[in-house]
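Trainee: Residue numbers for the sequence shown follow UniProt numbering, beginning at 1 and rising by one. Glycine included, each C-beta is placed from N, C-alpha and C at the ideal position.
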Amino acid sequence: MPSHDLREPRPESLLTIDALRQLDMLALADSDDMFLHVVPKRSNTPVKGEAPKRGDWDTPMQIHGWRWAQGYDAAPLAAALNANDMRVTALGVVKSVDSASPVLARLCAQAELLALAHIRCYKSAGTDHGVQIEYLSMKLEQAYIRNYHIYTSARLARPCEVFEVSAQQITMICAPQTETGSRGADVTFALDVSARRVT
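(1) Can you grab the Cα-Cα spacing for the pair Ala-115 / Ile-145, in whole Å?
(2) Given this structure, state the Cα-to-Cα distance separating Glu-112 from Lys-41, to the nearest angstrom.
(3) State buried or exposed for Val-187, treating a residue as buried only when at least 16 other CB atoms are found within 10 Å of its CB.
(4) Give me, in chain order, the residues of the same chain whose beta-carbon lies closer than 6 Å to that of Lys-139; leave out the 5 immediate sequence neighbours on both sides.
(5) Compute the Euclidean distance between the alpha carbons of Arg-183 and Ala-175, then round it to the nearest angstrom.
(6) With distances taken from CA atoms, which of Leu-81, Asp-33, Ala-109 and Arg-87 is nearest Pro-52?
(7) Under the rule that 16 or more other beta-carbon atoms within 10 Å means buried, what is Ala-78, buried or exposed?
(8) I need the straight-line Cα distance from Asp-5 to His-37, nearest angstrom please.
(9) In terms of residues, what are the limits of the alpha helix (DSSP H) holding Ser-101?
(10) Give the C-beta separation of Glu-141 and Ala-105 to the nearest angstrom, bearing in mind that I take them to be a contact with Cβ-Cβ under 8 Å.
(11) With a threshold of 6 Å on Cβ separation, who are the neighbours of Ala-29 within its own chain once the five nearest residues in sequence on each side are excluded?
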C-alpha cells in the first residue's frame, strides 16, 4: 500500500552524499551578488564573513546558492488542501569555506538558537545609479542550523560547505526595479512556520 506518512524526512537522511550533491547543483560559480547574515541569539553579534560591506551589513558572508520550498506534495492531487498539511523545508545554503565556517559548524553542533539568518540578493541598478539594488531577501527568525557539510566541490573546484537552516518565522521580500533602475516598493510574504499561517 502507498504510504500516507506526512512527517518530514528524518534529519539523518539530509547528511547523505546524495543530499549534498543535490544542494551543490544549485551553486553558481561566479556569484557575487548573494549574501548571508547570521546573528546568534545568545551573543547578538553577527557571524563575521569575508565579503565586503553591503548596505548595513559590515561583514556579510558571500554565498553561491540557496534553496527553500513549501507545498502539499503528500496530498492527493484532486484532494482539497488544508494549510495544516503544508510542508516547509529548511533553507539550504551553499558557500565557499572561509573564516566563518568553524563558527557555522559550531552553531550546528551546539544547536544554538539564531535570532536571524538573512539572505539578500542584489542586481544592477543601471547607469543612472552606478550601484546594485537589493531586490530579493529571505529572512529567517528564531532559527537553527540543522545540518552542516564541508566538502570539496568538483563543480566549483574549491572547498565548500552546505548547511540548512530551519526557522519559526520566514519572511520573503521582493522589490521590483523601476524603469530608471531604482528600487520599487516591497512586496512581502511572511509565514509563521510552526502554525502554518501567513502573517
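Mentor: So, from the data block:
(1) Along the sequence shown, read from residue 1 onward, the residue named residue 115 stands at position 115. Along the sequence shown, read from residue 1 onward, the residue named residue 145 stands at position 145. Those two C-alpha atoms are separated by around 12 Å.
(2) For the purposes of this step, residue 112 is taken as residue 112 along the sequence shown, with counting starting at 1. For the purposes of this step, residue 41 is taken as residue 41 along the sequence shown, with counting starting at 1. Going from the Cα of Glu-112 to the Cα of Lys-41 covers about 8 Å.
(3) For the purposes of this step, residue 187 is identified with residue 187 of the sequence shown, where counting begins at 1. Exposed is the call here.
(4) Here residue 139 refers to the residue found at position 139 when the sequence shown is read from its first residue. For Lys-139, where only same-chain residues beyond five positions count, the Cβ hits under 6 Å are His-118 and Thr-171.
(5) Here residue 183 refers to the residue found at position 183 when the sequence shown is read from its first residue. Here residue 175 refers to the residue found at position 175 when the sequence shown is read from its first residue. So the alpha carbons of these two residues sit roughly 6 Å apart.
(6) The residue you call residue 52 lines up with position 52 of the sequence shown. Comparing Cα positions, the closest option is Asp-33.
(7) Residue mapping note: residue 78 aligns to position 78 of the sequence shown, counting from 1. Exposed, because fewer than 16 other Cβ atoms sit within 10 Å of the Cβ of Ala-78.
(8) If you number the sequence shown from 1, residue 5 lands on position 5. If you number the sequence shown from 1, residue 37 lands on position 37. With a pLDDT of only 44 at Asp-5, under 50, the local geometry of the prediction cannot be trusted, and the value read off the model is given with reservation. A direct Cα-to-Cα measurement between Asp-5 and His-37 gives close to 35 Å.
(9) Along the sequence shown, one-based indexing puts residue 101 at 101. Residues 101-109.
(10) Residue mapping note: residue 141 aligns to position 141 of the sequence shown, counting from 1. Residue mapping note: residue 105 aligns to position 105 of the sequence shown, counting from 1. Actually they do not touch by this definition, with Cβ atoms about 22 Å apart.
(11) Position 29 of the sequence shown, counted from the first residue, corresponds to residue 29. Contacts found: Leu-156.
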